[in-house]
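Numbering (this note's numbering), first residue to last: 2 to 87. Note that the Cβ used here is the ideal one computed from N, Cα and C, for glycine as well. Okay, so here's the structure we're looking at.
Right, dumping it as structure tokens:
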């Protein structure tokens, strides 16, 4: 997921504010805790076959990863801008 070169409204150069791999780390951490907890609860209460787990959790992981990484990257960009050296 790439960040635009400049903000369309304020013309701020966004390419100077690199957040690196920080958002990916937190997305993996948050998603792994959330998905594993839900998968265990689902297994305990419903006991679906393995293929149901693979399909359901695979789709949920992909969708939540895309959404979460997008917003975490935005959050890191804002924090980097707010706490930059002037």
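| Check | Outcome |
| --- | --- |
| Which of helix, strand or coil does DSSP assign to residue 74? | helix |
| With a threshold of 8 Å on Cβ separation, who are the neighbours of residue 82 within its own chain once the five nearest residues in sequence on each side are excluded? | 13, 18 |
| Is the segment 63-76 in contact with the segment 20-36, if contact means three or more CB pairs nearer than 8 Å? | yes |
| Per DSSP, which residues does residue 86 bridge with? Please list them. | For residue 86, which the question treats as bridged, DSSP gives no partner whatsoever. |
| I believe residue 77 touches residue 8 by the beta-carbon criterion, under 8 Å. Please report the beta-carbon distance rounded to the nearest angstrom. | Incorrect: roughly 16 Å between the Cβ atoms, too far for contact. |
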